[in-house]
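Peer 1:
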């Protein structure tokens with residue numbers, strides 16, 4: 261949720277913790293009269309792996325502390341503006357986003373909350389940070405009104421970034437792995453006599469993760485070490501080669517199917533490019549607003565923090 265004044269706008273929900281109305285907590289800055297506490301800054305420092313009071317922390321990490329404080333100031337300015345614009349986020353939206361974050365973390369809620377607690381953050385604070393994040397995003401959306409991207413801009417971006425729209429050759433493979441060349445040679449002789457490659461791959465698996473347990477699914481050659489990739493590249497679809505010596509043994513590899521290298525046509529990616537460029541312009545507009553807002557706001561940074 262943090263808002264950086266320079267560079268790409270960063271909205272990092274897990275770091276965005278603001279504590280309002282905490283009069284007992286020392287204040288490190290005020291933004292238009294609203295406090296940013298030492299606890300707010302401490303939470304971010306701890307997430308960055310810096311413990312308050314650690315030897316040489318103040319001097320060695322002075323730059324990072326200042327950057328994090330600037331992010332909190334930027335966030336405070338955005339929240340104040342959103343409040344002035346009467347932007348509200350419903351509780352149901354907040355909890356839906358909260359559930360989505362936990363699902364994305366691929367862990368149980370209790371484990372997620374345990375990790376938050378280790379960073380000095382309670383469930384209530386985290387939910388508040390999610391609400392702040394959604395509020396700021398909604399306020400940012402107001403900067404997107406009347407943003408347009410011409411077809412010429414879209415085509416220019418496409419032409420200038422063709423590698424990003426290029427899909428490398430993809431292959432579906434079945435791989436047999438054994439520890440020594442003698443066993444690999446024996447398997448090859450069986451295959452040459454008509455044994456099914458898939459049956460042998462089932463018997464001598466190479467750690468497949470694709471469907472059926474005997475193939476890789478779609479992969480690219482850069483998945484493999486260069487010497488093995490070179491040999492795979494020579495195999496025609498429907499054929500196998502080997503034994504091929506690798507670091508972990510000897511391999512026999514069958515190319516089940518190939519998808520040739522392909523450049524996605526402009527028409528297929530046009531709308532994706534449009535969305536990306538609109539978001540880019542939106543971020544630039546917001547950053548310009550933020551810089552101007554900082555000039556006009558009353559920002560007080562306390563000397564001892």
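In my numbering, the protein residues as written are 261 to 565.
Positions of the beta carbon are idealized from the N, C-alpha and C atoms, including for glycine.
Source: prediction; values computed, not measured.
1. DSSP state of residue 366, grouped into three classes?
2. What's the C-alpha gap between residue 281 and residue 287?
3. Pull the bridge partners of residue 500 from the DSSP assignment, please.
4. Got a sec, what are the start and stop residues for the beta strand (DSSP E) residue 297 sits in?
5. Could you pull out every residue in the same chain whose Cβ sits closer than 7 Å to the Cβ of residue 491, ignoring the five residues on either side in sequence?
6. Can you list the alpha helix (DSSP H) stretches of 4 or more residues lying completely in the region 382 to 457, in chain order?
7. Are the CB atoms of residue 509 and residue 439 nearer to each other than 8 Å?
8. Less than 8 Å between the C-beta atoms of residue 431 and residue 518, yes or no?
9. Okay, do the region 535 to 554 and the region 476 to 496 touch, 3+ Cβ pairs below 8 Å being the bar?
10. Against chain C, does residue 476 count as a neighbour if the rule is that its beta carbon must be under 8 Å from one of theirs?
11. Report the option in 546, 421, 560 whose CA atom is closest to the CA atom of residue 403.
12. Could you check the C-alpha separation between residue 267 and residue 548 for me, to the nearest Å?
13. Give the secondary structure of residue 356 by DSSP, where H, G and I count as helix, E and B as strand, and everything else as coil.
14. List the residues that DSSP assigns as beta-bridge partners of residue 509.
15. Touch check for the region 368 to 375 and the region 421 to 428: three-plus C-beta pairs under 8 Å?
16. Is the beta carbon of residue 380 closer than 8 Å to that of residue 303?
17. Using only CA atoms, which one of 365, 489, 400 lies nearest to residue 345?
18. Quick one: what does DSSP say residue 347 is sitting in, helix, strand or coil?
19. Here's a check: name, in chain order, each residue in its chain whose Cβ is nearer than 8 Å to the Cβ of residue 340, leaving out the five neighbours to either side.
20. Could you tell me the boundaries of the alpha helix (DSSP H) in which residue 530 lies?
21. Suppose contacts are defined by Cβ-Cβ distances below 8 Å. Is residue 530 in contact with residue 515 by that definition?
22. Which residues in the same chain have their Cβ closer than 6 Å to the Cβ of residue 489, if we skip the five residues on either side of it in sequence?
23. Can you give me the start and stop residues for the beta strand (DSSP E) that residue 559 sits inside?
Peer 2: Result, derived from the coordinates:
1. Here residue 366 corresponds to residue number 106 of the chain shown, with the count starting at 1. In the structure shown, residue 366 sits in coil (DSSP, three-state: anything other than H, G, I, E or B).
2. Looking up residue 281 in the chain shown gives position 21. Looking up residue 287 in the chain shown gives position 27. Its pLDDT being 39, under 50, residue 281 is placed unreliably by the model, and the measurement read from it follows with that caveat. C-alpha separation (whole angstroms): 11 Å.
3. One-based indexing of the chain shown puts residue 500 at position 240. Its beta-bridge partners are 514.
4. Taking the chain shown and counting its residues from 1, the one referred to as residue 297 is at position 37. Start and end: 294 to 297.
5. For the purposes of this step, residue 491 is taken as residue 231 along the chain shown, with counting starting at 1. Beyond the five residues adjoining it in sequence on each side, residue 491 comes within less than 7 Å, by CB distance, of 501, 504 in the same chain, given in chain order.
6. Counting whole runs of 4 or more residues, the region 382 to 457 contains the alpha helix (DSSP H) stretches 383 to 401, 411 to 420, 441 to 452.
7. For the purposes of this step, residue 509 is taken as the residue at position 249 of the chain shown. For the purposes of this step, residue 439 is taken as the residue at position 179 of the chain shown. Yes, they are a contact pair.
8. As a position in the chain shown, residue 431 is number 171, starting the count at 1. As a position in the chain shown, residue 518 is number 258, starting the count at 1. Taking 8 Å as the Cβ cut-off, residue 431 and residue 518 qualify as a contacting pair.
9. They do not touch, by the three-pair rule.
10. Given the protein chain composition of this structure (a single chain), no chain C is represented.
11. Indexing the chain shown from 1 puts residue 403 at position 143. Ranking 546, 421, 560 by CA distance to the CA of residue 403 puts 546 first.
12. Sequence index remark: in the chain shown, residue 267 carries index 7 (1-based). Sequence index remark: in the chain shown, residue 548 carries index 288 (1-based). Because residue 267 sits at a pLDDT of 39, beneath the cut-off of 50, its placement in the model cannot be relied upon, and the following sentence gives the value as read from the coordinates. The alpha-carbon separation between residue 267 and residue 548 amounts to approximately 12 Å.
13. Residue mapping note: residue 356 aligns to position 96 of the chain shown, counting from 1. DSSP, reduced to helix, strand and coil, places residue 356 within a helical segment of the structure shown.
14. Numbered from its first residue, the chain shown carries residue 509 at position 249. Bridge partners of residue 509: 506.
15. Flag = no, the region 368 to 375 and the region 421 to 428 do not touch.
16. What you label residue 303 is simply residue 43 of the chain shown in a count that begins at 1. What you label residue 380 is simply residue 120 of the chain shown in a count that begins at 1. Judged by beta-carbon spacing, residue 380 lies within the 8 Å limit of residue 303, meaning their Cβ atoms are closer than that value.
17. Indexing the chain shown from 1 puts residue 345 at position 85. Here the closest residue by C-alpha is 400.
18. Stepping through the chain shown from its first residue, residue 347 is reached at position 87. Under the three-state reduction of DSSP, residue 347 is assigned to coil, being neither helix nor strand.
19. Sequence index remark: in the chain shown, residue 340 carries index 80 (1-based). Same-chain partners within the cutoff: 291, 292, 294.
20. In the chain shown, counting from the first residue as 1, residue 530 sits at position 270. Segment 526 to 556, the alpha helix (DSSP H) holding residue 530.
21. As a first step, residue 530 must be located in the chain shown, where it is residue number 270. As a first step, residue 515 must be located in the chain shown, where it is residue number 255. Inclusion of residue 530 and residue 515 in the CB contact set at 8 Å is not warranted, their separation being larger than that value.
22. Locating residue 489 in the chain shown gives position 229, counting from the first residue. Here residue 489 has 481 as same chain residues with Cβ atoms under 6 Å from its own Cβ, once five neighbours each way along the sequence are excluded.
23. For the purposes of this step, residue 559 is taken as the residue at position 299 of the chain shown. 559 to 561 is the extent of the beta strand (DSSP E) around residue 559.
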